[in-house]
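Student: Handing you a structure now.
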Amino acid sequence: MSGLRDLYQELILDHGKSPRNHRPMDGCTHQANGFNPVCGDKVNLYLSCEDGRVTDASFEGNGCAISTASASMLTQMVKGKSVEDIFELRRMVGAMLTSSPGEHDQEEIEKLGKLAAFSGVCEFPGRVKCATLAWHTLDAALKDDEETISTE
Amino acid sequence: MSEIDDKERPLDVERLRGDFPILSQEVNGKPLVYLDNAATTQKPTAVIDSICDYYREYNSNIHRGVHTLSQRATDAYERARVRTMDFLGAGRPEEIIFVRGATEGINLVSQAYLRPRIEPGDEIVISTLEHHSNIVPWQLLREQAGAVLKVAPVDDNGAIDIQAYKDLLGERTKFVSLVHVSNALGTINPIREMVAMAREKEIPVLVDGAQAAAHGRVDIDKLGCDFYTISGHKMYGPTGIGALYGKAQLLEEMPPYHGGGEMILSVTFDKTEYNRLPYKFEAGTPDIAGAIGLGAALEYIEEAGIESIEAHEKNLLDYATAAVSSIDGVEIIGRAPAKAGILSFIIDGVHPHDAGTILDQQGVAVRAGHHCAQPVLERLGVQATVRASFALYNTREEIDLLAQGITKAVEVFA
Numbered sequence: 001m002s003g004l005r006d007l008y009q010e011l012i013l014d015h016g017k018s019p020r021n022h023r024p025m026d027g028c029t030h031q032a033n034g035f036n037p038v039c040g041d042k043v044n045l046y047l048s049c050e051d052g053r054v055t056d057a058s059f060e061g062n063g064c065a066i067s068t069a070s071a072s073m074l075t076q077m078v079k080g081k082s083v084e085d086i087f088e089l090r091r092m093v094g095a096m097l098t099s100s101p102g103e104h105d106q107e108e109i110e111k112l113g114k115l116a117a118f119s120g121v122c123e124f125p126g127r128v129k130c131a132t133l134a135w136h137t138l139d140a141a142l143k144d145d146e147e148t149i150s151t152e
Numbered sequence: 153m154s155e156i157d158d159k160e161r162p163l164d165v166e167r168l169r170g171d172f173p174i175l176s177q178e179v180n181g182k183p184l185v186y187l188d189n190a191a192t193t194q195k196p197t198a199v200i201d202s203i204c205d206y207y208r209e210y211n212s213n214i215h216r217g218v219h220t221l222s223q224r225a226t227d228a229y230e231r232a233r234v235r236t237m238d239f240l241g242a243g244r245p246e247e248i249i250f251v252r253g254a255t256e257g258i259n260l261v262s263q264a265y266l267r268p269r270i271e272p273g274d275e276i277v278i279s280t281l282e283h284h285s286n287i288v289p290w291q292l293l294r295e296q297a298g299a300v301l302k303v304a305p306v307d308d309n310g311a312i313d314i315q316a317y318k319d320l321l322g323e324r325t326k327f328v329s330l331v332h333v334s335n336a337l338g339t340i341n342p343i344r345e346m347v348a349m350a351r352e353k354e355i356p357v358l359v360d361g362a363q364a365a366a367h368g369r370v371d372i373d374k375l376g377c378d379f380y381t382i383s384g385h386k387m388y389g390p391t392g393i394g395a396l397y398g399k400a401q402l403l404e405e406m407p408p409y410h411g412g413g414e415m416i417l418s419v420t421f422d423k424t425e426y427n428r429l430p431y432k433f434e435a436g437t438p439d440i441a442g443a444i445g446l447g448a449a450l451e452y453i454e455e456a457g458i459e460s461i462e463a464h465e466k467n468l469l470d471y472a473t474a475a476v477s478s479i480d481g482v483e484i485i486g487r488a489p490a491k492a493g494i495l496s497f498i499i500d501g502v503h504p505h506d507a508g509t510i511l512d513q514q515g516v517a518v519r520a521g522h523h524c525a526q527p528v529l530e531r532l533g534v535q536a537t538v539r540a541s542f543a544l545y546n547t548r549e550e551i552d553l554l555a556q557g558i559t560k561a562v563e564v565f566a
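Chains as they are written, first to last, in the numbering used here: chain A, 1 to 152; chain B, 153 to 566.
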C-alpha cells in the first residue's frame with residue numbers, strides 16, 4: 001500500500017476534506033471554469049489581480065480528493081505571487097505531475113513547497129488529470145480565456 | 153430475461169475461470185478481481201483461439217474468392233451469423249447485420265431507417281435510463297430533421313415509470329428506442345411489455361441489448377421488437393464487432409447505411425444495384441475475425457448455459473447488495489425490483505474516483521464515474537458512482553474482497 005500513501009498524503013486528504021478558499025468571489029479580475037468530462041470534476045477559479053500580482057484566489061466546484069486538494073492548494077500558493085512567478089510555478093507543477101516516476105527534478109520539487117505532496121500522482125496515470133485540472137484552469141483565467149477548459 | 157427453468161444447472165465457476173487466462177494474474181501485488189464486466193468482459197481461450205486460428209490458418213477475404221481459404225473464411229463468417237441468429241432467437245440469418253457494436257447498430261437505424269421517414273415535429277421516445285449511445289444518435293436526428301425527443305421517466309429506485317412511458321406514445325411518435333438493461337444501475341426494463349405497448353400503436357421499436365444479451369435469454373421472436381442490437385465485447389467476444397437484428401421487411405425498405413464494396417450487385421457510373429440482405433448493410437471488408445470470435449463467444453455462453461449464468465449472477469448481485477450496503481456510509485444507487493448483475497453505489501466522504509483507485513491498489517477492478525449515462529445519475533441526484541458489475545466467472549470470495557476494499561477506502565478517508 002505504499003503507493004496509496006504516496007498518492008493520498010495527509011496534506012492531500014486534509015485539503016480534499018476541508019478545501020481552503022472554497023468560495024465564490026465578487027469583483028474578481030480573472031475567472032475561468034475547468035471541467036473534466038470523463039469524471040465530471042469541476043473547478044471554477046476566481047482571481048483578483050493588482051499590478052501584475054494575485055491578491056486573492058478562490059474556487060468553487062466538486063470532484064475527487066485529488067482535484068479538490070489541487071485546487072485548494074493552488075489558491076493558497078498563488079496568493080501574493082506575481083503572474084510571472086505563477087506561470088513558472090505552473091510549469092514546475094506540470095513537470096512534476098507528468099514526469100515518469102523516478103525522473104523527478106528534485107531541486108524543482110523542493111521549490112514547490114507543499115505542492116510536492118502531489119509528487120506521487122505521476123505513478124497513477126489515470127489520476128494525473130485530476131491534479132492538473134485546476135492548473136489548466138489557472139492558465140485560462142490568467143489568459144482571460146472564456147471557454148470552459150476541458151481536460152480532454 | 154427468461155424465467156428460471158429446468159435448463160438451469162449450477163455453473164462450475166472454478167472450471168470456467170480456468171477458461172479465462174487473464175484472470176489468473178496479479179494486479180498491484182494482489183490477485184485480480186475483475187468486476188468491470190459492464191464495461192467489457194474478459195475473453196475465454198475458445199474466443200482467443202478462434203481469432204488466432206482464423207489468422208494462422210484460413211485468413212482470406214469473404215464472399216468473392218474462388219479459392220479454398222476464402223470459402224473457409226466465408227463459411228466461418230456465415231456460421232457466426234447463424235449462431236447469432238439462434239442465440240437471439242431471430243428467424244432468418246439475413247436479419248442479422250454485423251456492425252461494430254451496439255453504438256453502430258443504433259446509428260444505423262437512426263440514419264437508414266428513421267431519418268428518411270421523419271418529419272419536423274415527429275417524436276422519438278427513449279427513457280431516462282439510456283446510455284449516451286441511445287441518446288446522442290437521436291439528438292443528431294433532432295438537429296438533422298427537427299425530430300422531438302421524449303424521455304420516459306424513472307422513479308427514485310431507477311425503475312421505469314411504465315404508465316408515464318405509455319402516455320408518451322402518441323400520434324406523433326414515430327419511433328421508440330429503449331435500453332433492455334441499464335448499464336449504470338442494472339435495472340432490467342419490463343421490455344416485453346414496453347415493446348408491446350408501442351407495437352399496439354404500430355410504432356417501431358429498437359432495443360439496446362448491450363448489457364442484456366450475455367446475462368439472460370433474449371428471445372426476439374417473443375419480444376416482438378423491430379430492431380435489437382448487441383456488442384460482442386460485452387459478451388466474452390472481441391471488441392469492434394456486434395450485431396443488429398432488424399425485421400427483414402424493414403431492412404428491405406431501408407437505403408444502405410454505408411456505400412462501398414460488398415454491398416452492391418453491380419456498379420456503373422449511372423446506376424448501382426444494391427446487394428441483398430444482409431450484405432446491403434455490410435459495406436467493405438467486414439471484421440471477419442471479429443465475427444468469428446463473436447460466434448465462438450456465443451457458443452461458449454450457450455455451453456455454459458445462459459439460464460445458469462443468469463441465476464449465478466443474480467445470486468452474486470443479492471450477495472453483493474447485502475455485503476456492500478452493510479458497510480457504514482455506503483448507499484446503493486438504483487434499487488429497481490428487477491436488476492441484472494450491476495451494483496452502483498456511493499460512499500459517504502469518498503469520491504468514486506478515489507474509491508476506484510484504492511480498490512485498484514487491492515487488485516479490484518471497478519468502474520468509477522458517470523458510466524456514459526449522465527442523465528440517469530443526475531435524475532437520482534448523483535454525479536458519479538462506483539460500479540461493480542458481474543460476469544459468469546465472478547465468485548462470492550471476490551465480492552468479499554470488494555467489500556474489504558470499500559472498508560479500506562472508508563478508513564483512508566475517515
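The beta carbon of each residue, even a glycine, is placed where N, CA and C say it ideally should be.
(1) Answer yes if the stretch 224–241 of chain B comes into contact with the stretch 364–378 of chain B, meaning at least three C-beta pairs across the two stretches below 8 Å, and no otherwise.
(2) Does the Cβ of leucine 7(A) have 16 or more other Cβ atoms within 10 Å, making it buried, or fewer, making it exposed?
(3) With a threshold of 8 Å on Cβ separation, who are the neighbours of alanine 475(B) within its own chain once the five nearest residues in sequence on each side are excluded?
(4) Round the Cβ separation of glycine 409(B) and leucine 417(B) to the nearest angstrom and send it over; I've been treating them as touching at under 8 Å.
(5) Kindly indicate which residue of Tyr397(B), Gly481(B), Pro489(B) and His385(B) has the alpha-carbon position closest to the one of isoleucine 444(B).
(6) Closer than 7 Å by C-beta to alanine 400(B): which residues in its own chain qualify, once you throw out the five before and the five after it? Chain order, please.
(7) May I have the straight-line CA-CA distance separating asparagine 211(B) from aspartate 201(B), to the nearest angstrom?
(8) So alanine 441(B) and isoleucine 203(B) are in contact, right, with Cβ under 8 Å, and what is the actual spacing, rounded?
(9) Can you look up leucine 396(B) in the DSSP assignment and give me helix, strand or coil?
(10) If contact means a Cβ-Cβ distance below 9 Å, which residues of the stretch 544–566 of chain B contact chain A?
(11) Under 8 Å between beta-carbons, which chain B residues line up against leucine 4(A)? List them in chain order, please.
(12) For glutamine 177(B), which residues in chain A fall below 8 Å Cβ to Cβ?
(13) Can you find the residues in the same chain that come closer than 6 Å, C-beta to C-beta, to arginine 53(A), ignoring five residues on each side of it along the sequence?
(14) Can you look up glutamine 31(A) in the DSSP assignment and give me helix, strand or coil?
(15) Does DSSP put aspartate 266(B) in a helix, a strand or coil?
(16) Between which residues of its own chain and isoleucine 510(B) is the CB-CB distance below 7 Å, once the five residues before and five after are set aside?
(17) For phenylalanine 379(B) versus glycine 398(B), is the C-beta distance shorter than 8 Å?
(18) Alpha carbons only, please: which of Pro504(B), Gly515(B), Ile494(B) and Gly508(B) is nearest the one belonging to serine 541(B)?
(19) If you measure from the beta carbon of glycine 521(B) to each beta carbon in chain D, is any gap under 8 Å?
(20) For a contact defined as C-beta to C-beta under 8 Å, what are the partners of glutamine 535(B) on chain A?
(21) Does the stretch 79–93 of chain A come close enough to the stretch 521–538 of chain B that 3 or more CB-CB pairs lie under 8 Å?
(22) Can you name the start and end residues of the beta strand (DSSP E) that valine 357(B) belongs to?
(23) Leaving out five residues before and five after aspartate 26(A) in sequence, what residues of the same chain have Cβ atoms less than 6 Å from its Cβ?
(24) Suppose you measure from the CA of isoleucine 214(B) to the CA of alanine 435(B); what does that come to, to the nearest Å?
(25) Note down, in chain order, each residue of its chain lying with its Cβ closer than 7 Å to the Cβ of alanine 232(B), except the 5 sequence neighbours on either side.
Tutor: Looking at the atomic coordinates:
(1) yes
(2) buried
(3) Ile551, Asp552, Leu554 and Ala555
(4) Rather than glycine, the amino acid found at residue 409(B) in this sequence is tyrosine. That pair is no contact at about 17 Å.
(5) His385(B)
(6) Arg244, Glu246, Glu247 and Leu429
(7) 14 Å
(8) 5 Å
(9) strand
(10) Lys560, Val564 and Phe565
(11) Thr509, Ile510, Gln513 and Val564
(12) Within chain A, no residue comes near glutamine 177(B); the closest Cβ sits about 18 Å away, beyond 8 Å.
(13) Ser82
(14) strand
(15) Here the sequence assigns leucine to residue 266(B), which means aspartate is not the residue at that position. Here leucine 266(B) sits in helix by DSSP.
(16) Gly557, Lys560, Ala561 and Val564
(17) yes
(18) Ile494(B)
(19) Absence of chain D from the displayed structure is noted, the protein chains being A and B.
(20) Gly40 and Asn62
(21) no
(22) 357–360
(23) none
(24) 12 Å
(25) Ala443, Ile444, Leu446 and Gly447
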